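K.L.:
In our numbering, the protein residues as written are 667 to 896.
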């Protein structure tokens with residue numbers, strides 16, 4: 667069986683991603699997901715692992731510097747050849763940077779000084795720290811609602827809203843991929859969003875919010891622990 671045929675079979679075996687958010691119990695456990703992912707080629711399996719690890723904060727040490735975290739992201743990006751996957755990673759990390767800035771500002775922090783964060787917008791955020799959406803309302807329109815939720819002390823609403831934003835980003839990228847490796851990665855990342863959504867509650871969201879504010883990694887982990895993998 668060719669890789670293409672194998673990936674068509676693999677993706678066809680996944681429950682529709684929309685079901686992840688409709689059903690109370692995951693239609694596909696992580697164990698069963700991992701079993702199906704054995705159909706990936708070794709190179710693709712390693713790429714998926716790199717992406718999942720990049721978004722999973724348990725793979726980082728609290729002693730890691732900001733520069734080290736940024737460098738790790740760049741190393742992962744340098745190893746990935748698929749433009750869609752590179753775009754997904756960049757977009758996710760830029761989102762995390764903007765959300766981290768919202769949280770830091772809410773806690774009374776002054777504008778950070780480079781190097782910090784990831785992507786195109788760090789200088790814009792620094793220069794527009796007092797603006798409600800850091801002058802990024804056009805580039806990141808979701809910042810308006812995110813800023814409202816964080817200022818209204820609604821950690822659960824904030825968490826779920828950011829998960830929705832991330833899901834919509836994946837939906838947009840997924841529209842161009844149906845039965846290829848990119849589609850597999852997008853499905854797995856959606857699975858993580860569902861896993862986070864299904865375990866979210868007000869008390870836990872508040873605890874995560876406070877813990878991330880106080881941690882060094884909190885500068886880059888969004889308050890919803892977006893992409894965080896248990």
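Just so it is clear, CB atoms sit at the ideal spot from N, CA and C, and this is done for glycine as well.
If you're wondering where the values come from, they're calculated on a predicted model, not measured in any experiment.
By how many angstroms is the C-alpha of residue 720 removed from the C-alpha of residue 774?
P.N.:
Spanning the two alpha carbons is a distance of roughly 28 Å.
K.L.:
Residue 809 and residue 799 look like a contact to me (Cβ under 8 Å); what is the Cβ gap, rounded to whole Å?
P.N.:
Their Cβ separation, rounded to whole angstroms, is 4 Å, which keeps residue 809 and residue 799 in contact under 8 Å.
K.L.:
Short check: CB of residue 839 to CB of residue 754, under 8 Å?
P.N.:
Their beta carbons are under 8 Å apart, which means residue 839 touches residue 754 by this criterion.
K.L.:
Could you tell me whether the region 822-831 touches the region 787-804, where touching means 3 or more Cβ pairs closer than 8 Å?
P.N.:
With the cut-off at 8 Å, the region 822-831 and the region 787-804 do not touch.
K.L.:
Quick one: Cα of residue 812 to Cα of residue 740, how far?
P.N.:
Each residue's alpha carbon lies about 27 Å from the other.
K.L.:
For residue 694, which residues from the same chain have a beta carbon less than 6 Å from its beta carbon, with the 5 sequence-adjacent residues on both sides left out?
P.N.:
Correct list, in chain order: 681.
K.L.:
Can you tell me whether residue 847 sits near the ligand MG, meaning its C-beta is under 7 Å from at least one heavy atom of the ligand?
P.N.:
You won't find the ligand MG in this model; it holds no ligand whatsoever.
K.L.:
Would you please state the rounded distance, in angstroms, between the beta carbons of residue 752 and residue 746? I believe it to be under 8 Å.
P.N.:
Going by Cβ atoms, the distance from residue 752 to residue 746 rounds to 5 Å, so yes, they are a contact pair.
K.L.:
Could you tell me how far apart the beta carbons of residue 790 and residue 777 are, in whole angstroms, since I believe they sit closer than 8 Å?
P.N.:
Not quite, the Cβ-Cβ distance comes to about 11 Å (not below 8 Å), so this is no contact.
K.L.:
Taking all protein chains shown into account, do 16 or more other C-beta atoms lie within 10 angstroms of the C-beta of residue 771, making it buried, or fewer, making it exposed?
P.N.:
Buried, because 16 or more other Cβ atoms sit within 10 Å of the Cβ of residue 771.
K.L.:
Report yes if the CB atom of residue 711 is closer than 8 Å to the CB atom of residue 672, and no otherwise.
P.N.:
No, they are not a contact pair.
K.L.:
Expressed to the nearest angstrom, what Euclidean distance is found between the alpha-carbon atoms of residue 885 and residue 831?
P.N.:
In this predicted model, residue 885 has a pLDDT of only 43, less than 50, meaning its place in the structure is not dependable; the value taken from the coordinates is given anyway. Cα to Cα, residue 885 sits roughly 19 Å from residue 831.
K.L.:
Does the CB of residue 736 have a neighbour CB from chain C at under 8 Å?
P.N.:
Of the chains in the structure shown, none is chain C; there is only one protein chain.
K.L.:
Going by CA-CA distance only, name the one from 679, 734, 803, 852 that's closest to residue 837.
P.N.:
Residue 852 is the option with its Cα nearest to residue 837.
K.L.:
If you run the structure through DSSP and keep just helix, strand and coil, what is residue 884?
P.N.:
Here the model assigns residue 884 a pLDDT of 43, short of 50, so the residue's position is not dependable, and the following value carries that caveat. Note: residue 884 maps to helix in three-state DSSP.
K.L.:
Could you give the first and the last residue of the continuous alpha helix (DSSP H) run that contains residue 758?
P.N.:
Per DSSP, residue 758 belongs to the alpha helix (DSSP H) from 749-772.
K.L.:
Let me know the alpha helix (DSSP H) ranges lying completely inside the region 794-877, each 4 residues or longer, listed in chain order.
P.N.:
If we require 4 residues or more, the alpha helix (DSSP H) runs fully inside the region 794-877 come out as 809-817, 821-840, 847-865.
K.L.:
For residue 680, report the span of its alpha helix (DSSP H) as first-last.
P.N.:
No alpha helix (DSSP H) contains residue 680, which DSSP labels as neither H nor E.
K.L.:
Look at the alpha carbon of residue 734 and the alpha carbon of residue 780, and state the distance between them as a whole number of angstroms.
P.N.:
Computed Cα separation, rounded: 13 Å.
K.L.:
Spatial neighbours of residue 849 within its chain, please: CB distance less than 6 Å, with the 5 preceding and 5 following residues excluded, ordered by chain position.
P.N.:
Hits under 6 Å: 677, 843.
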